[in-house]
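Visitor:
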Amino acid sequence: MDEKVLVVDQQRCTGCRLCELVCSVFHTGTSNPSRARVKIVKWEDEGLYLPMACNHCEKAYCVEVCPTKACHREPENNNRVTIDKNLCIGCRTCIIACPFGHPFFDVQERVTVKCDYCDGDPQCVRFCDIQAISFRDADKTNVTKKREAALKFKASINPSR
Amino acid sequence: MATENIPPVRILRHLRPQEEWKEIIAIYLYLAGMGAGSFVIGTLVSWMGVRLDPSFLSSIDLFGYTLNVSKVPIFWGPIMVAIGAPFLILDLGIKWRFMYACLNPRTSWVARGFIILSIFIIFGLVLLAKSILPFEWLHADSALWRIPEVIALLFAFATAIYTGILLKATKSVPLWNTSLLPILFLVSALSTGSMAIILSTLGTGFFTHDAGALKVLMGGEQVLVVIEGIVLYLFLSRRYRAAEQGKDSVRLLLFGEMKMIFWGGVVLLGFIFPVVLENIASFFPGNFVLIFVAGIFLLCGGFFLRLGILHAGIKDQIPMHRLMEIQHSIMAGRTHNPRITVHESQSH
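Sequence lines, in order, name chains A and B. So for the first sequence, our numbering puts the first residue at 89; every next one is plus one. So for the second sequence, our numbering puts the first residue at -11; every next one is plus one.
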């Protein structure tokens, strides 16, 4: 299967925010994390960090509400949901519609922007050394979890080994 | 004082409403609703045979033409909508690109709204022009004018309902995601619209000559205010039970940061003051000051209703958040102080 998706493992994330930095450099040419397409949400008290990126939902509300079709799906590019900056009018309806709060309004460009998988080579994945974010085939996203579950099962039936 | 146990993650979550659509959109929703509502009420009232034409103020001279302004109070709604529509454009990131939305009418409710409002404004202004301009070739009394009137009336209804559908269509805000919202905005549009007609006709001094017309309009307006109150109660009670964020939104509106807007702006200005003042005014026929004040209050209440509902829109909880709550409840269960006790008043 050709389609790939971003997979986040929040237990690995250390909250270094390097992904935000490289994302902003790739998309805007400046090291400005506030303009990054990926955001690390932090619970410092709990020691928990969660990279939040677009889920490119199968039923994407942002696509449904866009008045100009600027926000659209591209089946040929990993089935990604992307925003055409040349068509966006900056109405911000997609921001309100997205349950994950993902698209955001870029005050410098006056349009809404979102993750576009960096045209097939996500910079956040490339620079995340601990692999808290990975870019995998959509049908293999749960292989790791299956393996973890199998290991737990193995440990429970044969704890000595 | 009653206490409530709240898991730590719930404490970290605060009532954070959407911040994308603010006062500018509220003004747009208000003017579009009020203008459309006044057109609907004005047209229906004139079809019912209630004449609101102040005969003594029937014409003014301008550039050598005698303009008939007797029907302006009925048809001024499209002007309000035309003033309101640019506010939506003002809120856009790149303003001139609003044309893109007009060119894609079938894509979304924002785009459909552009079309609905445009048709209403065009037909409404044509009817206004027809009622004012003195040209005989317009045949102002012709029955054919009933066709654009019906079209404008339908699109006025659509405009009033659309303001609610626009919010409902975003889906991820539980407070807005209900069919009661378009109904609430429609009823509010009709009540504020009828009051706008009363106020504008009041300005002409017509009611001193025809108290019967005022009685009909006031009666209709009071019924609409009562219906609006019932719909508002149903809307809030249903949303309170609908989803966690719906409950949060209603709490924010009733007891949180928005409480001044709700209790002061919507309840006092929009419902209690107008009803009380209009009832007092009924004991003093011929004294229109109270009705004028009640009207201003009611119009302000209509604006605050939209502003409050916009500002109290909290997004739906994402599935991940529920997972985090469960995870943290488990983690908290392992510590010596698994749950934090807070006072109920603080949790609001």
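We put the CB at the ideal spot given by N, CA and C, even for glycine. Only a predicted model underlies this, so the values are computations on that prediction, with no experimental measurement involved.
Over what stretch of residues does the beta strand (DSSP E) that includes S237 (chain B) continue unbroken?
Guide: Reading the second sequence from its first residue, position 249 is the one you call residue 237 (chain B). From DSSP, S237 (chain B) is part of no beta strand (DSSP E) but of the alpha helix (DSSP H) over E232 to L242.
Visitor: So that I know if they touch, is there some Cβ in chain B lying closer than 7 Å to that of G135 (chain A)?
Guide: Here residue 135 (chain A) refers to the residue found at position 47 of the first sequence. By this cut-off, G135 (chain A) is not an interface position.
Visitor: Residues of chain B with CB under 7 Å from P155 (chain A), in chain order?
Guide: For the purposes of this step, residue 155 (chain A) is identified with residue 67 of the first sequence, where counting begins at 1. Correct list: A89, N92, T95, S96, V98 and A99.
Visitor: Give the single residue among B:L287, B:V254 and B:L168 whose Cα lies nearest to the Cα of G296 (chain B).
Guide: For this step, residue 296 (chain B) is matched to residue 308 along the second sequence. Among B:L287, B:V254 and B:L168, the Cα nearest to that of G296 (chain B) is on B:V254.
Visitor: Which of the three DSSP states is assigned to M246 (chain B) in this structure?
Guide: Mapped onto the second sequence, residue 246 (chain B) falls at position 258. In the structure shown, M246 (chain B) sits in coil (DSSP, three-state: anything other than H, G, I, E or B).
Visitor: Closer than 7 Å by beta-carbon distance: list the chain A residues that pair up with I82 (chain B), in chain order.
Guide: By 1-based counting over the second sequence, the position of residue 82 (chain B) is 94. Result: I177, G178, R198 and V199.
Visitor: Whole angstroms are fine: how far does the CA of I302 (chain B) sit from the CA of R4 (chain B)?
Guide: Counted from its first residue, the second sequence places residue 4 (chain B) at position 16. Counted from its first residue, the second sequence places residue 302 (chain B) at position 314. Each residue's Cα considered, the two are about 6 Å apart.
Visitor: Any chance the region 256 to 268 of chain B sits against the region 232 to 244 of chain A, with 3 or more Cβ pairs inside 8 Å?
Guide: No: the two stretches stay apart, fewer than three of their Cβ pairs being nearer than 8 Å.
Visitor: Strictly under 7 Å for the Cβ-Cβ distance: is Q6 (chain B) near chain A by that measure?
Guide: In the second sequence, the residue the question calls residue 6 (chain B) occupies position 18. For Q6 (chain B), the answer is yes, since a Cβ of chain A falls inside 7 Å of its Cβ.
Visitor: Within the same chain, show all residues whose beta-carbon is closer than 7 Å to that of L190 (chain B), passing over the 5 residues directly before and after it, in chain order.
Guide: In the second sequence, the residue the question calls residue 190 (chain B) occupies position 202. Same-chain partners within the cutoff: F276, I279 and F280.
Visitor: Any idea what DSSP makes of C104 (chain A), helix, strand or coil?
Guide: The residue given as residue 104 (chain A) occupies position 16 in the first sequence. In this structure, C104 (chain A) counts as coil in the three-state DSSP scheme.
Visitor: Please tell me whether F192 (chain A) has its Cβ less than 7 Å away from any Cβ of chain B.
Guide: Taking the first sequence and counting its residues from 1, one reaches residue 192 (chain A) at position 104. It does not: the Cβ of F192 (chain A) has no partner Cβ on chain B nearer than 7 Å.
Visitor: If you draw a straight line from the alpha carbon of L105 (chain B) to that of L32 (chain B), how long is it in whole angstroms?
Guide: In the second sequence, residue 105 (chain B) corresponds to position 117, counting from 1. In the second sequence, residue 32 (chain B) corresponds to position 44, counting from 1. Cα-Cα distance, rounded: 20 Å.
Visitor: How long is the line joining the alpha carbons of R85 (chain B) and M22 (chain B), rounded to whole angstroms?
Guide: Mapped onto the second sequence, residue 85 (chain B) falls at position 97. Mapped onto the second sequence, residue 22 (chain B) falls at position 34. R85 (chain B) and M22 (chain B): Cα-Cα distance of roughly 26 Å.
Visitor: Comparing alpha-carbon positions, which option in B:V264, B:K235, B:P61 and B:G37 lies nearest I357 (chain B)?
Guide: Residue coverage of chain B in this structure runs from -11 to 336, which leaves residue 357 (chain B) outside it and unanswerable.
Visitor: Do you know whose CA, among B:L126, B:R226 and B:L80, lies nearest N165 (chain B)'s CA?
Guide: By 1-based counting over the second sequence, the position of residue 165 (chain B) is 177. Per the Cα distances, B:R226.
Visitor: Tell me, please, which residues DSSP counts as bridged to D225 (chain A).
Guide: Locating residue 225 (chain A) in the first sequence gives position 137, where the first residue counts as 1. DSSP lists A:K92 as partners of D225 (chain A).
Visitor: Could you check what DSSP says for T329 (chain B) in three-state terms: helix, strand or coil?
Guide: Along the second sequence, read from residue 1 onward, the residue named residue 329 (chain B) stands at position 341. Here T329 (chain B) scores only 35 on pLDDT, less than 50, and its place in the model is too uncertain to base an answer on.
Visitor: Per DSSP, what kind of secondary structure is R125 (chain A) in: helix, strand or coil?
Guide: Taking the first residue of the first sequence as 1, we reach residue 125 (chain A) at position 37. DSSP places R125 (chain A) in coil when its eight states are reduced to three.
Visitor: According to DSSP, is K147 (chain A) helix, strand or coil?
Guide: Translated into positions along the first sequence, residue 147 (chain A) becomes position 59. K147 (chain A): coil per DSSP, three-state reduction.
Visitor: To the nearest angstrom, report how far apart G25 (chain B) and L174 (chain B) are at their CA atoms.
Guide: Here the question's residue 25 (chain B) lines up with position 37 in the second sequence. Here the question's residue 174 (chain B) lines up with position 186 in the second sequence. Looking at the two C-alpha atoms, the distance is approximately 8 Å.
Visitor: Quick one: is A220 (chain A) near chain B, going by C-beta distance under 7 Å?
Guide: By one-based count along the first sequence, residue 220 (chain A) stands at place 132. No - not a single Cβ of chain B is within 7 Å of the one on A220 (chain A).
Visitor: Compare the C-beta of R227 (chain B) with all C-beta atoms of chain A and state if any pair is closer than 7 Å.
Guide: Locating residue 227 (chain B) in the second sequence gives position 239, counting from the first residue. So, not an interface residue.
Visitor: Since V344 (chain B) meets chain A, which of its residues come closer than 8 Å, beta carbon to beta carbon?
Guide: As displayed, chain B neither begins before -11 nor continues past 336, which places residue 344 (chain B) out of reach and without an answer.
Visitor: Against chain A, does R294 (chain B) count as a neighbour if the rule is that its beta carbon must be under 7 Å from one of theirs?
Guide: Taking the second sequence and counting its residues from 1, one reaches residue 294 (chain B) at position 306. So, not an interface residue.
Visitor: DSSP on W9 (chain B), reduced to helix/strand/coil?
Guide: In the second sequence, residue 9 (chain B) corresponds to position 21, counting from 1. In the structure shown, W9 (chain B) sits in coil (DSSP, three-state: anything other than H, G, I, E or B).
Visitor: For R125 (chain A), count neighbouring C-beta atoms within 10 Å of its own C-beta (all shown protein chains included) and say buried if the count is 16 or more, exposed if not.
Guide: Within the first sequence, residue 125 (chain A) is the residue found at index 37, counting from 1. The residue is buried, with at least 16 neighbouring Cβ atoms inside 10 Å.
Visitor: Starting from P187 (chain A), find everything on chain B with Cβ-Cβ shorter than 9 Å and list it in chain order.
Guide: As a position in the first sequence, residue 187 (chain A) is number 99, starting the count at 1. Those are K159, S160, K303, D304, Q305, I306 and P307, listed as they occur along chain B.
Visitor: Using CA atoms only, rank isn't needed, just tell me which of A:A238, A:D207, A:S222 and A:D225 is closest to H115 (chain A).
Guide: To locate residue 115 (chain A), count along the first sequence from 1; it is residue 27. Checked all of A:A238, A:D207, A:S222 and A:D225; the closest Cα to H115 (chain A) is A:D207.
Visitor: On the criterion of 16 or more Cβ atoms from any shown chain inside 10 Å, does S96 (chain B) qualify as buried, or is it exposed?
Guide: The residue given as residue 96 (chain B) occupies position 108 in the second sequence. Burial call: buried.
Visitor: As an exercise, report each continuous alpha helix (DSSP H) stretch of at least 4 residues that is fully enclosed by the region 158 to 199 of chain B, in chain order.
Guide: DSSP runs (the alpha helix (DSSP H)) wholly in the region 158 to 199 of chain B: 168 to 192.
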